[in-house]
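Novice:
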Amino acid sequence: MFEYAKEIKPALILFMAFALLTGVVYPLFITGIVQTALPAKAEGSLIVVDGRIVGSELIGQTFQSPGYFHGRPSAVNYAANGSGAGNLGPTSARLMEEVSRRIDQVRHENRMYNGQSVPADLVQSSGSGLDPHISRQAAMEQVARVAGARGLAHSAVQALIDRNVEPAVFGILGQERVNVLRLNLDLDNITGVS
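Take 40 as the starting number for the sequence shown in my numbering and just add one per residue.
1) Could you give the residue range of the beta strand (DSSP E) that holds Asn-320?
2) Kindly indicate the opening and closing residues of the alpha helix (DSSP H) around His-147.
3) Given a cut-off of 8 Å on the beta-carbon distance, is the pair Val-162 and Val-196 in contact?
4) In three-state DSSP terms, what is Gly-187?
5) What residue range does the beta strand (DSSP E) around Val-162 cover?
6) What are the start and end residues of the alpha helix (DSSP H) that includes Val-73?
7) Taking Leu-199 and Leu-222 to be in contact with their CB atoms under 8 Å, please state how far apart those CB atoms are, rounded to whole angstroms.
8) Locate the beta strand (DSSP E) running through Arg-91, then write down its first and last residues.
9) Run through the DSSP bridge pairs and tell me what Glu-205 is partnered with.
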């Protein structure tokens with residue numbers, strides 16, 4: 040019996056030491072570094088307008104009005120506490136129906152002709168269901184609708200998109216993208232909407 044106790048005692052001490060180190064000390068250390076070095080990112084990259092939080096740079100939102108740019112569809116309605124994809128495979132009839140319906144909707148909203156190509160990010164949700172970005176092409180397809188609803192020249196809306204384009208990460212990872220919330224906030228700024 041004492042032999043088991045001799046073997047269990049060091050194992051329990053190591054377990055407690057590593058649990059304390061990896062479960063308490065390390066997380067507090069990393070949290071302290073991030074809170075000090077990148078406080079805005081540590082707090083969720085929140086976007087504040089006139090003293091109120093309007094969203095996060097990291098989580099998309101639904102915009103339905105014709106006067107706003109629309110983002111990617113979300114399988115989870117942009118609920119950050121339950122991110123995830125639709126989990127429908129490429130051969131799923133339900134997925135094909137959803138995408139076809141979204142293509143028709145995007146074409147109708149943006150007055151695109153029936154055979155015109157629709158950017159994939161306007162009709163397919165991302166893996167997390169939270170993506171706040173769309174491609175430059177997806178933004179450009181919406182220029183006529185947004186400009187018409189806001190009474191702006193197409194060139195002014197295109198210039199706004201150009202100012203909001205974020206480059207690929209490190210210049211090579213991913214593609215150029217536009218944060219939809221930031222773009223719509225800038226759109227509100229130039230048209231005086233708040």
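For each residue, glycine too, the CB sits at the ideal point set by N, CA and C.
Specialist: Put simply:
1) As displayed, the chain neither begins before 40 nor continues past 233, which places residue 320 out of reach and without an answer.
2) Note, His-147: alpha helix (DSSP H), 132 to 148.
3) no
4) helix
5) Here Val-162 belongs to no beta strand (DSSP E), and DSSP marks it neither H nor E.
6) Taken as a continuous stretch (DSSP letters only), the alpha helix (DSSP H) holding Val-73 covers 65 to 76.
7) 7 Å
8) In this chain, the beta strand (DSSP E) harbouring Arg-91 covers 91 to 95.
9) Arg-216
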